[in-house]
Amino acid sequence: MKFIHLIWSNLRRKKLRTGLTLLSILVAFVLFGILSSIKQALAGGISLEGANRLVVRQKVSIINSLPESYKARMERIPGVALAVHQTWFGGIYQDAKTFFMQNPVVPEEFLDMHPEFILSPEQKKAWLETRTGAIVGSKTADRFHWKIGDKIPIQSSIWAQTDGNRVWEFDIVGIYSGRDKNTDTTPLFFRYDYFEEARARAKGEVGWYTIRVKDSSQAADIAKKVDQEFENSPYETKTEPEGAFVQGWAKQVGNIALITASIMGAVFFTILLVTGNTMSQAVRERTGELGVLKAIGFSNTQVLGLVLAESCLVAVLGGVLGLGVAWLIASGGDPTGGMLPQFFFPRRDLLIGLGLSMALGFVTGIFPALSAMRLRVADALRRM
Amino acid sequence: MAGPINWLSQVASVTKFGLLSIPQRRGSVSAAVIGIAGVVAVLVGVLSIAAGFRKTMNASGAPDAAIVLRSGADSEMVSGFLRQDTRTIADAPGLARSDKGPLASAELFVIINLPKRSTGTDANVPLRGVEEEAFKVRDNFKMVEGRRFEPGKDEVIVGIGAAHQFAGLELGNKIKAGRYEWPVVGIFSAGGGTAESEIWTDASVLQGTYHRGDSFQSVYTKLSSPSSFQQFKDALTTDPRLNVKVLRQTDYYAEQSTAVTRLITTLGFLIASLMAVGAVFGALNTMYSAVSARTREIATLRALGFGSGSVVVSVLLESLVLALLGGVIGATVAYVAFNGFQTATMNFQSFSQVTFAFQVTRQLLIQGIVWATVIGMIGGLFPALRAASLPIAAALREL
Numbered sequence: 000m001k002f003i004h005l006i007w008s009n010l011r012r013k014k015l016r017t018g019l020t021l022l023s024i025l026v027a028f029v030l031f032g033i034l035s036s037i038k039q040a041l042a043g044g045i046s047l048e049g050a051n052r053l054v055v056r057q058k059v060s061i062i063n064s065l066p067e068s069y070k071a072r073m074e075r076i077p078g079v080a081l082a083v084h085q086t087w088f089g090g091i092y093q094d095a096k097t098f099f100m101q102n103p104v105v106p107e108e109f110l111d112m113h114p115e116f117i118l119s120p121e122q123k124k125a126w127l128e129t130r131t132g133a134i135v136g137s138k139t140a141d142r143f144h145w146k147i148g149d150k151i152p153i154q155s156s157i158w159a160q161t162d163g164n165r166v167w168e169f170d171i172v173g174i175y176s177g178r179d180k181n182t183d184t185t186p187l188f189f190r191y192d193y194f195e196e197a198r199a200r201a202k203g204e205v206g207w208y209t210i211r212v213k214d215s216s217q218a219a220d221i222a223k224k225v226d227q228e229f230e231n232s233p234y235e236t237k238t239e240p241e242g243a244f245v246q247g248w249a250k251q252v253g254n255i256a257l258i259t260a261s262i263m264g265a266v267f268f269t270i271l272l273v274t275g276n277t278m279s280q281a282v283r284e285r286t287g288e289l290g291v292l293k294a295i296g297f298s299n300t301q302v303l304g305l306v307l308a309e310s311c312l313v314a315v316l317g318g319v320l321g322l323g324v325a326w327l328i329a330s331g332g333d334p335t336g337g338m339l340p341q342f343f344f345p346r347r348d349l350l351i352g353l354g355l356s357m358a359l360g361f362v363t364g365i366f367p368a369l370s371a372m373r374l375r376v377a378d379a380l381r382r383m
Numbered sequence: 000m001a002g003p004i005n006w007l008s009q010v011a012s013v014t015k016f017g018l019l020s021i022p023q024r025r026g027s028v029s030a031a032v033i034g035i036a037g038v039v040a041v042l043v044g045v046l047s048i049a050a051g052f053r054k055t056m057n058a059s060g061a062p063d064a065a066i067v068l069r070s071g072a073d074s075e076m077v078s079g080f081l082r083q084d085t086r087t088i089a090d091a092p093g094l095a096r097s098d099k100g101p102l103a104s105a106e107l108f109v110i111i112n113l114p115k116r117s118t119g120t121d122a123n124v125p126l127r128g129v130e131e132e133a134f135k136v137r138d139n140f141k142m143v144e145g146r147r148f149e150p151g152k153d154e155v156i157v158g159i160g161a162a163h164q165f166a167g168l169e170l171g172n173k174i175k176a177g178r179y180e181w182p183v184v185g186i187f188s189a190g191g192g193t194a195e196s197e198i199w200t201d202a203s204v205l206q207g208t209y210h211r212g213d214s215f216q217s218v219y220t221k222l223s224s225p226s227s228f229q230q231f232k233d234a235l236t237t238d239p240r241l242n243v244k245v246l247r248q249t250d251y252y253a254e255q256s257t258a259v260t261r262l263i264t265t266l267g268f269l270i271a272s273l274m275a276v277g278a279v280f281g282a283l284n285t286m287y288s289a290v291s292a293r294t295r296e297i298a299t300l301r302a303l304g305f306g307s308g309s310v311v312v313s314v315l316l317e318s319l320v321l322a323l324l325g326g327v328i329g330a331t332v333a334y335v336a337f338n339g340f341q342t343a344t345m346n347f348q349s350f351s352q353v354t355f356a357f358q359v360t361r362q363l364l365i366q367g368i369v370w371a372t373v374i375g376m377i378g379g380l381f382p383a384l385r386a387a388s389l390p391i392a393a394a395l396r397e398l
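Chains as they are written, first to last, in numbering that gives the first Met the number 0: chain R, 0 to 383; chain H, 0 to 398.
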């Protein structure tokens with residue numbers, strides 16, 4: 000610690016060079032943050048309730064429906080605590096580009112299944128009392144400036160009402176918030192009984208089920224039992240943990256992890272070269288001084304430490320600043336205007352970033368530091 | 000200043016001097032060059048995804064082809080017709096004809112889950128039921144392997160893109176979807192369009208298997224000429240028996256590609272701009288150290304009567320040469336690594352997978368080089384100005 004002043008003045012000797020190196024490291028870590036946020040938005044979109052939830056869909060494809068009557072049969076399977084269904088409504092509000100999900104659900108059991116959606120007791124009560132009532136996530140409510148009491152017309156491309164009308168009207172009775180940062184608060188949920196009675200076709204059919212199991216260690220077993228229960232029926236099922244289901248979706252978009260990892264690789268390789276080069280340049284210029292330090296009694300390890308500390312200081316400083324800037328950008332929200340609602344900088348990646356900045360400092364500093372350590376006093380002084 | 004020729008020769012000699020000293024500064028020079036190469040490679044690589052997706056979509060529709068959907072439907076998924084509607088549509092004026100009648104194929108569209116080869120996880124693959132005319136309605140349809148399915152039989156043919164991306168679609172294999180098994184009897188290509196991501200079978204067979212009655216979801220048609228579109232469209236939209244929307248296929252596919260290409264382009268530019276900022280710092284660092292290493296030489300030249308303008312220009316030129324070198328390396332890497340790379344992604348309008356290949360177009364390569372040039376300009380400008388404003392006496396004293 001007592002050498003911090005020495006390290007600091009070494010860095011200040013060429014302010015411009017230190018500044019530029021610092022800035023390029025900063026930019027690398029801003030990129031790291033942005034890419035982590037993009038990956039989060041594309042691949043890790045939805046909050047998962049842990050291992051006790053399973054998703055059941057029709058085996059051929061999720062667009063094929065399942066009978067509503069399966070609910071009772073699922074709940075009879077030992078180990079199943081609750082089964083609730085949702086159905087894809089495919090509605091458009093104002094314009095096809097302002098997409099958000101709307102699904103009909105059975106209110107009470109749905110809220111029971113999804114404690115990550117937080118709704119006040121009064122609003123919940125209002126929903127149970129209003130047949131045409133709907134609750135909407137805070138993100139979508141903010142986006143369209145909806146308030147409780149608003150009547151929202153939504154046109155469905157899939158579902159017509161018995162009179163042929165495709166525009167459905169919902170009363171906003173509640174606005175829910177997310178329990179966790181990555182809870183998706185864009186969907187709108189409305190009442191299944193209203194939907195079931197008004198829809199013109201496919202009555203008694205629902206999109207998919209979510210099951211809660213009593214003991215999450217039994218989840219795999221129960222998934223198998225559910226699929227066995229409906230084997231050889233016209234509606235065979237495929238049951239998987241909610242996490243696998245969500246990841247399956249992300250993988251349909253593409254191998255996002257691979258793409259972001261390759262870009263990060265390119266970025267860090269470049270930064271490594273730039274800073275590594277600057278560090279070795281800085282050490283080369285100071286050969287004479289390092290010789291003096293050794294002559295007045297600095298040990299080899301101390302010289303090694305000095306040089307290494309210098310590169311680590313620059314890297315960590317740049318890294319912390321860069322991660323901070325990335326965090327600021329990410330908290331500004333989705334850069335694409337609505338296409339990536341889950342755009343934020345995950346804490347886990349923040350910590351990885353910090354670790355990376357230390358590693359960067361070490362890798363770029365170690366070779367110049369080793370050569371400084373091996374420097375022989377006589378040689379160094381001769382070069383002065 | 001003694002005339003432009005003299006000035007040019009000054010620039011040339013100072014630049015040569017700078018370029019010849021590059022080997023002594025290998026480390027910092029290669030760091031800057033690789034930095035710029037990285038920016039260009041990432042920019043071109045990411046944008047080539049969007050270009051490839053757009054190309055597949057554009058190749059799917061011809062100007063003399065139209066698609067008919069139910070009014071209010073924005074994709075086949077949510078559209079629907081009865082057989083009598085599709086007959087009325089096929090009889091409308093403006094369609095091209097063969098000896099068997101008008102070129103119109105009523106089709107239906109379901110989705111089945113098949114594992115993607117790259118990830119092993121389930122993906123939504125379109126299974127399309129088509130009528131006989133489907134092969135004539137689409138330009139460039141060609142069997143690559145095997146034969147067409149026989150009408151009325153449980154057989155499928157597979158697009159060449161789907162055959163590459165999804166497991167188990169080889170000729171002779173059987174596809175399992177629900178309780179049914181479909182033997183693959185042929186592989187086809189369709190000029191690079193979205194049909195290559197699909198699996199086709201006979202429409203009437205698919206109706207039976209999926210309990211669809213005698214219903215369809217879309218009608219694909221070939222017009223007698225691109226200009227007969229209006230006639231065809233007017234005839235259908237004014238027909239009281241129908242409630243349809245008629246689109247040129249080119250417009251239909253262009254609309255489907257906008258969301259994905261916009262997303263990729265926005266993110267690509269965001270990432271590349273940030274990288275470019277980083278590369279500018281790298282270039283500045285390199286050129287500043289280049290200038291400071293040559294302080295004496297530059298001062299000597301100035302003392303000998305070289306103009307400050309020629310020093311500025313020569314430093315800029317050096318920086319540009321390095322940037323262009325980086326740009327060319329980056330563009331080459333992007334071309335070699337990404338051009339033609341086969342992949343598949345989700346098309347949310349059709350809720351199913353589209354296979355496509357990354358396209359590194361000439362336009363993207365030029366764009367990459369332009370970026371490199373701009374980075375080189377900025378990276379060279381400030382060090383150049385510093386070199387020109389060095390106080391000669393002080394710099395010489397450093398000797």
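Ideal Cβ positions, reconstructed from N, Cα and C, are used throughout, including at glycine.
Spatial distance of residue i from residue j (CA atoms)
i          : j          : result
Tyr-424(H) : Thr-265(H) : With chain H covering only 0 through 398, there is no way to say anything about residue 424(H).
Asn-5(H)   : Leu-283(H) : 29 angstroms
Ala-402(H) : Leu-25(R)  : Outside the displayed range of chain H (0 to 398) lies residue 402(H), so it cannot be described from this structure.
Glu-144(H) : Lys-115(H) : 21 angstroms
Arg-72(R)  : Leu-30(R)  : 50 angstroms
Val-129(H) : Asp-162(R) : 31 angstroms
Met-274(H) : Thr-55(H)  : 29 angstroms
Thr-14(H)  : Val-373(H) : 19 angstroms
Glu-121(R) : Val-172(R) : 9 angstroms
Phe-194(R) : Phe-98(R)  : 20 angstroms
Asn-254(R) : Met-345(H) : 11 angstroms
Val-45(H)  : Val-252(R) : 15 angstroms
Gly-136(R) : Arg-52(R)  : 21 angstroms
Arg-69(H)  : Glu-228(R) : 38 angstroms
Trp-7(R)   : Glu-309(R) : 8 angstroms
Ser-356(R) : Gln-164(H) : 38 angstroms
Ser-46(R)  : Ala-218(R) : Here Ser-46(R) scores only 47 on pLDDT, less than 50, and its place in the model is too uncertain to base an answer on.
DSSP state of residue i mapped onto helix, strand, coil
i          : result
Ile-112(H) : Here residue 112(H) turns out to be Asn, not Ile, going by the sequence shown. DSSP places Asn-112(H) in strand when its eight states are reduced to three.
Ser-46(R)  : Residue confidence is low: Ser-46(R) scores 47 on pLDDT, short of 50, so the model does not pin down where it sits. Its coordinate-derived value is still stated next. Looking at Ser-46(R) - three-state DSSP - the assignment turns out to be coil, as it is neither helix nor strand.
Asp-333(R) : coil
Tyr-179(H) : strand
Ser-97(H)  : strand
Phe-343(R) : coil
Val-376(R) : helix
Val-35(R)  : A small correction: the amino acid at residue 35(R) is Ser; Val does not occupy that position in the sequence shown. Helix.
Phe-169(R) : strand
Ala-103(H) : strand
Asp-226(R) : helix
Thr-220(H) : strand
Leu-15(R)  : helix
Determine contact between the region 97-116 of chain R and the region 178-196 of chain R, defined as no fewer than three beta-carbon pairs at a distance below 8 angstroms. Three or more Cβ pairs drawn from the region 97-116 of chain R and the region 178-196 of chain R lie within less than 8 angstroms of each other, which places the two stretches in contact.
What runs of the alpha helix (DSSP H), each 4 residues or longer, lie entirely inside the region 186-223 of chain R? For secondary structure counted as the alpha helix (DSSP H) over 4 or more consecutive residues, the region 186-223 of chain R holds these complete runs in sequence order: 191-197.
Tell me whether the region 236-245 of chain R and the region 55-64 of chain R touch, counting them as touching only if at least three CB pairs, one residue from each stretch, are closer than 8 angstroms. Contact between the region 236-245 of chain R and the region 55-64 of chain R is present, because at least three Cβ pairs lie under 8 angstroms.
Short-range partners of chain R found in the region 121-149 of chain H, where Cβ spacing is below 8 angstroms: Within the region 121-149 of chain H, the residues whose Cβ lies closer than 8 angstroms to some Cβ of chain R are Asp-121, Ala-122, Asn-123, listed in chain order.
Below 8 angstroms between beta carbons is the criterion; list the residues of the region 272-291 of chain H that meet it against any residue of chain R, in chain order. Those residues of the region 272-291 of chain H that come within reach of chain R (Cβ to Cβ, closer than 8 angstroms) are Leu-273, Met-274, Val-276, Gly-277, Ala-278, Phe-280, Gly-281, Leu-283, Asn-284, Tyr-287, Ser-288.
Does the contact criterion of 3 or more C-beta pairs under 8 angstroms hold for the region 237-254 of chain H versus the region 118-126 of chain H? The region 237-254 of chain H, when compared against the region 118-126 of chain H, does not touch it at the 8 angstroms Cβ threshold.
Can you confirm whether the region 315-332 of chain R touches the region 342-358 of chain R when touching is taken to mean that 3 or more C-beta pairs between the two stretches lie within less than 8 angstroms? Enough Cβ pairs lie closer than 8 angstroms, so yes.
Can you give me, in chain order, the residues of the region 50-65 of chain R that have a beta carbon less than 7 angstroms from any beta carbon in chain H? Within the region 50-65 of chain R, those residues whose Cβ lies closer than 7 angstroms to any Cβ of chain H are, in chain order, Lys-58, Val-59, Ser-60, Ile-62.
Three or more C-beta pairs below 8 angstroms linking the region 33-48 of chain H and the region 325-338 of chain H: With contact defined as three or more Cβ pairs closer than 8 angstroms, the region 33-48 of chain H and the region 325-338 of chain H are in contact.
Three or more C-beta pairs closer than 8 angstroms, one from the region 365-384 of chain H and one from the region 321-328 of chain H: is that the case here? They touch, by the three-pair rule.
Three or more C-beta pairs below 8 angstroms linking the region 246-262 of chain H and the region 48-63 of chain H: Because the criterion of three Cβ pairs below 8 angstroms is met, the region 246-262 of chain H and the region 48-63 of chain H touch.
Any chance the region 288-302 of chain H sits against the region 355-364 of chain H, with 3 or more Cβ pairs inside 8 angstroms? Because the criterion of three Cβ pairs below 8 angstroms is not met, the region 288-302 of chain H and the region 355-364 of chain H do not touch.
Does the region 11-26 of chain R come into contact with the region 297-313 of chain H, if we say contact requires no fewer than three beta-carbon pairs (one atom in each stretch) closer than 8 angstroms? Between the region 11-26 of chain R and the region 297-313 of chain H, the count of Cβ pairs shorter than 8 angstroms is below three; the stretches do not touch.
List in chain order: all unbroken beta strand (DSSP E) runs of 3+ residues lying wholly within the region 120-145 of chain H. Listed in chain order, they are 121-129, 140-145.
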